[in-house]
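**Student:** The structure's right below; bear with me while I get my questions together.
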Amino acid sequence: MLRLSFLCCFLALGVFAQPGPGLDRGMPSVPWFDHVRQPLALSSEQGRALCLALRKGLLDEVPIEELLALAPKDKTPRGVFISLGDAAWPERTYFGLGYDFSSALRQVLTILRDREPAYAELMRSRLQGDQGGKALPSSWREKLKNPGHWSSMRLDIVQAALPIEGFSISRSRVMMCSLNGLAFRPGEGFAFTAEQMTGRYLIDAERRLNVRQIGDFIAESDNWGALKTWLSMANSEQEGRVCIFEYDSYFADEQGCRRLFRGHPVQSGISGRSPLAMSSAVAKRLLDCLQEDGSLKAPFPEWQSGRGEGGEFVSSQAELAIALARLAEMSGEQEFLLASKKIIKALLKNCRSSADKLMRFVLEEEELAPDERQQDPRLMLNVQGNALLCLALMETGLLAEEQYAQACREIMMYVSRQQLRSGDFIHSLVYPDMRRPLEEAYSEESRTETVALAALAMRRYAEYAGESRLTLIKRYELSLKFLLLRLEQHKELAALPLSPWLAELLGQAETLDDAQSVQLGRLALAASLQVEKEPAFPDLFGLPRSFPSMSLAAEQTWIVASLCQFFLRQGKKELANDFLADAWPLWVFQQQARIEPAAASALPRPELYYDFFRDHLEDFGFDLNGQSTQMLSMLAIAKCLSQMDGAAFPKRPEDLRAWQKNWRMIEQRPFCLDQSLVRKSAEGETPRHSSGSLERGTSVTVQAKGGKMVGGEPQVTGRVLERKSRAGGRTRRGGGR
Numbered sequence: 000m001l002r003l004s005f006l007c008c009f010l011a012l013g014v015f016a017q018p019g020p021g022l023d024r025g026m027p028s029v030p031w032f033d034h035v036r037q038p039l040a041l042s043s044e045q046g047r048a049l050c051l052a053l054r055k056g057l058l059d060e061v062p063i064e065e066l067l068a069l070a071p072k073d074k075t076p077r078g079v080f081i082s083l084g085d086a087a088w089p090e091r092t093y094f095g096l097g098y099d100f101s102s103a104l105r106q107v108l109t110i111l112r113d114r115e116p117a118y119a120e121l122m123r124s125r126l127q128g129d130q131g132g133k134a135l136p137s138s139w140r141e142k143l144k145n146p147g148h149w150s151s152m153r154l155d156i157v158q159a160a161l162p163i164e165g166f167s168i169s170r171s172r173v174m175m176c177s178l179n180g181l182a183f184r185p186g187e188g189f190a191f192t193a194e195q196m197t198g199r200y201l202i203d204a205e206r207r208l209n210v211r212q213i214g215d216f217i218a219e220s221d222n223w224g225a226l227k228t229w230l231s232m233a234n235s236e237q238e239g240r241v242c243i244f245e246y247d248s249y250f251a252d253e254q255g256c257r258r259l260f261r262g263h264p265v266q267s268g269i270s271g272r273s274p275l276a277m278s279s280a281v282a283k284r285l286l287d288c289l290q291e292d293g294s295l296k297a298p299f300p301e302w303q304s305g306r307g308e309g310g311e312f313v314s315s316q317a318e319l320a321i322a323l324a325r326l327a328e329m330s331g332e333q334e335f336l337l338a339s340k341k342i343i344k345a346l347l348k349n350c351r352s353s354a355d356k357l358m359r360f361v362l363e364e365e366e367l368a369p370d371e372r373q374q375d376p377r378l379m380l381n382v383q384g385n386a387l388l389c390l391a392l393m394e395t396g397l398l399a400e401e402q403y404a405q406a407c408r409e410i411m412m413y414v415s416r417q418q419l420r421s422g423d424f425i426h427s428l429v430y431p432d433m434r435r436p437l438e439e440a441y442s443e444e445s446r447t448e449t450v451a452l453a454a455l456a457m458r459r460y461a462e463y464a465g466e467s468r469l470t471l472i473k474r475y476e477l478s479l480k481f482l483l484l485r486l487e488q489h490k491e492l493a494a495l496p497l498s499p500w501l502a503e504l505l506g507q508a509e510t511l512d513d514a515q516s517v518q519l520g521r522l523a524l525a526a527s528l529q530v531e532k533e534p535a536f537p538d539l540f541g542l543p544r545s546f547p548s549m550s551l552a553a554e555q556t557w558i559v560a561s562l563c564q565f566f567l568r569q570g571k572k573e574l575a576n577d578f579l580a581d582a583w584p585l586w587v588f589q590q591q592a593r594i595e596p597a598a599a600s601a602l603p604r605p606e607l608y609y610d611f612f613r614d615h616l617e618d619f620g621f622d623l624n625g626q627s628t629q630m631l632s633m634l635a636i637a638k639c640l641s642q643m644d645g646a647a648f649p650k651r652p653e654d655l656r657a658w659q660k661n662w663r664m665i666e667q668r669p670f671c672l673d674q675s676l677v678r679k680s681a682e683g684e685t686p687r688h689s690s691g692s693l694e695r696g697t698s699v700t701v702q703a704k705g706g707k708m709v710g711g712e713p714q715v716t717g718r719v720l721e722r723k724s725r726a727g728g729r730t731r732r733g734g735g736r
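If you count by numbering that gives the first Met the number 0, then the sequence shown holds residues 0 to 736, one letter each, in order.
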């Protein structure tokens, strides 16, 4: 594992002019980021062409002098990064600076040509090291065939930089690490792109430099001199000068070249892939993680298991089983159905029975807040997880087998017995006392969704219930009435609890004037109309409810799709088309969650992340709930589109124009450079947790290009952003790295 971005990248290639006296006494005497003030006029098309030509020239081992002919005409100071990768191993990065583009390109190419043989030799010696008699993994054997092999290239062109004095490695915080790179002094030779800071976790949860992680990062190349320099800097209390810098980024591989923004392809919200294809792709990745016992192993270290080392929540596993069953039905691929059944059977093995043997339920340890984890968790049974398990049993067709039909009957007995006269439910019990806990941490949205899931399970199970059918229908109607009254109490659309399972329940309405369809329509309106169309960053177009989570966007498109399926059953294709068109901004934002090669290139082992869905763009955030939510949303959308003769997702011309206009912002430089983006205060440590909203008094706001205000959150997280939970817990899963 190796990157060389920290190499000292200034060579004595000529005599350079010194800055005039009195202009900036801290200005380096050799070309460095501080000198880059004037952006290069380079269109996206020209940048892509340059990146493709450089990639081809490097692969063909074209002489440096010939490659320099590709350099655009540019007589102002410039910086150039070139990163080489092969999808299976960490990419290596080289950079160079010069008083013009040609000089910077010459420098980085000279360093690259000098260091690549050393990289290949280092990898060969590591891979051939003593393995204690163990066979080499297949990826190692493949790498040994050609240790210097690479197939993808990222080109980063530094367009603007801002020097900042008084930076402290231990105290200062970098507020926009997904957008701006960070460079130290030329004598130290360290510079990191935004992709490196997020992809290799060089910034901790409080946005301070992660000294140990950066040290490990440097040590990957056996560059002990650079490591010694870094440790000396990190242990010093002295404050120094740094530069934050912006750059145009391009990624080229065998498939072509794409421009990047914040590490992912620009305009990636309009994808040629169908929602069914995207669901199938992530499902196949998840099947690779499915163990024989029905449990899931983490696909990569950054995966956030719902229960930490204790595995996934019952509700998350049951939702995955439902998603796989629906995918099998739509795609015709039976491997998904078999996987769904395996997950359900594993959950059933963990079920317990009541003392009278009439009820069955699945248990799990209670979710504790971080400050409560010193105590032993209690065993809990909750309505939500068990209702989802019943739905999963029905959707997979397992009720055709008597043992699973009996299991579903007994679980449904537990669920129905928790119903109160109001139509609400006793949401959880402590096992084995079977008493209600003294405190419950469920949000209103979570409680509403629990009632919806229980009602939906009762309605669907009524078809299998025989003599108990009418009783279950009455129970379903009681809870439905309870939910409708609760929704009617929320006069403002913004106050409605946006639950996709509630939308699926209301989607069972029979007529257009049914009270259910009215409330479903309100949910869909609330989901599709509260979106951002004039964001500070172009990739936040379609942002739902001012919350930067693509998983939340998926929930809201799932709600809209539930209404559209109802309209299509009523023969109202135009209404379905109109509501889907209203949700197009959400759909655009949601699709940016899919990890493709360009977005994964800076991660430790890129190919491990392909086709998974991230939660947010500030960092990543991978968890099971996010994958299931995206799948269920995309399958609901795919079902709508198939009933609309396979049409593309509809959109309104004015929304398309607004989206295109927003993306033109990235052509303006500097885009977002401000002294406030590096906080130099010596504040005390803040709790290590993720945050989904700005904390009063701790955020920083700067003005981006076009006059838009940008807020920098006090924390950055590799976890899923916290918000009101759909999974029945305290919050949407969050936490420190």
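Using N, Cα and C, we set each Cβ at its ideal position, and we do this for glycine too.
Rank R377, K356 and F360 by C-alpha distance to the C-alpha of E366 and give the top, closest one.
**Tutor:** Answer by Cα proximity: R377.
**Student:** Pick out whichever of R77, L469 and E44 has its Cα sitting closest to the Cα of V29.
**Tutor:** Considering only alpha carbons, the answer is R77.
**Student:** Could you tell me the boundaries of the alpha helix (DSSP H) in which I213 lies?
**Tutor:** First-last of the alpha helix (DSSP H) with I213: V210 to A218.
**Student:** Quick check: what's the CA-CA separation for P116 versus P62?
**Tutor:** P116 and P62: Cα-Cα distance of roughly 16 Å.
**Student:** So who's on the other strand from W302, going by DSSP bridges?
**Tutor:** W302 pairs with F621.
**Student:** Note down the Cα distance separating K227 from E219, rounded to an integer number of angstroms.
**Tutor:** Approximately 13 Å, taken between the alpha carbons.
**Student:** In terms of residue numbering, what span does the alpha helix (DSSP H) encompassing L542 cover?
**Tutor:** That residue, L542, is in no alpha helix (DSSP H); it is neither H nor E in DSSP.
**Student:** Starting from A494 and walking both ways along the beta strand (DSSP E), at which residues does that stretch end?
**Tutor:** Taken as a continuous stretch (DSSP letters only), A494 belongs to no beta strand (DSSP E), as it is neither H nor E.
**Student:** Given a threshold of 16 other Cβ atoms within 10 Å of its Cβ, counted over all protein chains shown, does S42 qualify as buried or as exposed?
**Tutor:** Answer is exposed; the Cβ neighbour count stays below 16.
**Student:** What are the start and end residues of the beta strand (DSSP E) that includes N234?
**Tutor:** Per DSSP, N234 belongs to no beta strand (DSSP E); it is in the alpha helix (DSSP H), W223 to N234.
**Student:** In the DSSP assignment, find the beta strand (DSSP E) that holds I163 and state where it starts and stops.
**Tutor:** Element bounds for I163: S151 to F166.
**Student:** Only counting the same chain, and skipping five residues up and downstream in sequence, which positions put a Cβ closer than 6 Å to that of D322?
**Tutor:** In the sequence under discussion, the amino acid at residue 322 is Ala, which differs from the Asp named in the question. Once the five neighbours on either side are set aside, the close Cβ partners of A322 are S627, M630 and L631.
**Student:** How big is the Cα-Cα spacing for V559 and P652?
**Tutor:** Using only the alpha carbons, I get a separation of about 20 Å.
**Student:** Is G188 near the ligand PLP, judged by its Cβ being under 8 Å from some heavy atom?
**Tutor:** The ligand PLP is not among the ligands present in this structure, which contains no ligands whatsoever.
**Student:** Within the same chain, show all residues whose beta-carbon is closer than 6 Å to that of Q212, passing over the 5 residues directly before and after it, in chain order.
**Tutor:** The residues are Y200 and L201.
**Student:** In terms of residues, what are the limits of the beta strand (DSSP E) holding F94?
**Tutor:** Unbroken beta strand (DSSP E) run through F94: R91 to G97.
**Student:** Out of curiosity, what's the CA-to-CA distance linking E684 and N234?
**Tutor:** Because E684 sits at a pLDDT of 40, beneath the cut-off of 50, its placement in the model cannot be relied upon, and the following sentence gives the value as read from the coordinates. Taking the straight line from one Cα to the other gives about 18 Å.
**Student:** Do the region 265-275 and the region 67-74 touch if we need at least three Cβ pairs shorter than 8 Å?
**Tutor:** Contact between the region 265-275 and the region 67-74 is absent, because fewer than three Cβ pairs lie under 8 Å.
**Student:** Could you give the residue range of the beta strand (DSSP E) that holds E462?
**Tutor:** Per DSSP, E462 belongs to no beta strand (DSSP E) and is neither H nor E.
**Student:** For L471, which residues in the same chain have their Cβ closer than 6 Å to its Cβ, ignoring the five residues on either side in sequence?
**Tutor:** So the qualifying residues of the chain are M457, A461 and A464.
**Student:** Indicate whether V361 and A453 have their beta-carbon atoms separated by less than 9 Å.
**Tutor:** In this structure, A453 does not lie closer than 9 Å to V361 by Cβ.
**Student:** Determine the direct distance from the alpha carbon of M122 to that of A345, and round the result to whole angstroms.
**Tutor:** C-alpha separation (whole angstroms): 42 Å.
**Student:** With respect to the alpha helix (DSSP H) encompassing E401, which residues constitute its N-terminal and C-terminal limits?
**Tutor:** E401 to R416 is the span of the alpha helix (DSSP H), which, as asked, contains E401.
**Student:** Would you mind working out which of G25, I343, R284 and T109 sits nearest G186, comparing C-alpha positions?
**Tutor:** Considering only alpha carbons, the answer is G25.
**Student:** Smallest Cα separation from I163: which of Y413, W149 and L181?
**Tutor:** The shortest C-alpha separation from I163 is found at L181.
**Student:** How many Å lie between D673 and L161 at the Cα?
**Tutor:** If I take the Cα positions, the gap works out to 7 Å.
**Student:** Let me check understanding here. Comparing Cα to Cα, which of E466, T449, L623 and A193 lies closest to F481?
**Tutor:** Among E466, T449, L623 and A193, the Cα nearest to that of F481 is on T449.
**Student:** So the alpha helix (DSSP H) E311 belongs to, where does it begin and stop?
**Tutor:** From DSSP, E311 is part of no alpha helix (DSSP H); its letter is neither H nor E.
**Student:** Examine the Cβ distances between the region 538-549 and the region 614-622 and report whether three or more of them are shorter than 8 Å.
**Tutor:** Taking 8 Å as the limit for Cβ pairs, the verdict is that the region 614-622 does touch the region 538-549.
**Student:** Beta-carbon within less than 8 Å of L3's beta-carbon, same chain only, minus the 5 sequence neighbours each way: which residues are those?
**Tutor:** No answer about L3 holds up, because its pLDDT of 40 lies below 50 and its placement is not dependable.
**Student:** Taking the C-alpha atoms as reference points, what is the distance between V414 and R420?
**Tutor:** Straight-line Cα distance between these residues: approximately 14 Å.
**Student:** When you compare each of T510, L511, E491 and G520 to L501 by their alpha carbons, which one comes out closest?
**Tutor:** Cα-wise, what sits closest to L501 is G520.
**Student:** Looking at C-beta atoms only, is the number of pairs between the region 151-161 and the region 244-254 that lie closer than 8 Å three or more?
**Tutor:** As far as the Cβ criterion goes, the region 151-161 touches the region 244-254, which means the pair count is three or higher.
**Student:** Between S641, F670, N624 and K660, which has its C-alpha nearest A320's C-alpha?
**Tutor:** Closest by alpha carbon: N624.
**Student:** Quick one: residues in its chain with C-beta nearer than 7 Å to the C-beta of F737, no 5 flanking neighbours on either side, listed in chain order?
**Tutor:** Residue 737 is absent from the model: the chain starts at 0 and stops at 736.
**Student:** Going by CA-CA distance only, name the one from S177, D85, G128 and E328 that's closest to M196.
**Tutor:** Among S177, D85, G128 and E328, the Cα nearest to that of M196 is on S177.
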